[in-house]
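Numbering (the numbering used here), first residue to last: 569 to 698.
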């Protein structure tokens with residue numbers, strides 16, 4: 569097992585999510601969306617899924633939400649760099665989040681902001697790739 573796999577999994581909550589404490593399994597609809605996004609971004613298909621989402625307080629401004637998501641995305645990239653991992657592909661989104669693909673360990677993560685009704689959640693959807 570390469571030395572960088574475990575740190576990346578722990579830092580980004582990626583892949584084999586049902587086996588990492590604190591991560592939430594995805595619903596079938598969420599798995600389908602993550603699978604489609606991963607395949608479009610990486611050309612590969614997911615084999616395991618997980619998420620780590622937290623509700624954002626209602627009184628937080630849109631700019632503060634964007635800054636928080638941007639911080640989380642940068643934190644993941646910095647963690648990879650500290651462990652000597654170079655992502656294969658990185659794409660940012662306008663809301664401060666984005667997607668990270670590491671081909672070496674077959675991982676894909678999306679840092680997202682999700683609106684459900686009148687609530688906003690921020691965090692990550694992740695998968696291990698086949």
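Think of the CB as a built atom: it goes at the ideal place given N, C-alpha and C, for glycine as much as any other residue.
Query raised in the report: Helix or strand or just coil, what does DSSP make of residue 661?
Result: coil
Query - Proximity below 7 Å, CB of residue 695 to CB of residue 601 - result: Their beta carbons are not under 7 Å apart, which means residue 695 does not touch residue 601 by this criterion.
Query raised in the report: Where DSSP assigns a beta bridge to residue 690, which residues make up the other side?
Result: 622, 681
Query - Close-in-space but distant-in-sequence residues of the same chain around residue 681 (CB under 7 Å, 5 per side omitted) - result: 633, 637, 663, 665, 688, 690
Query raised in the report: If residue 667 sits next to residue 678, beta carbons under 8 Å apart, how far is it from one beta carbon to the other, in whole angstroms?
Result: 5 Å
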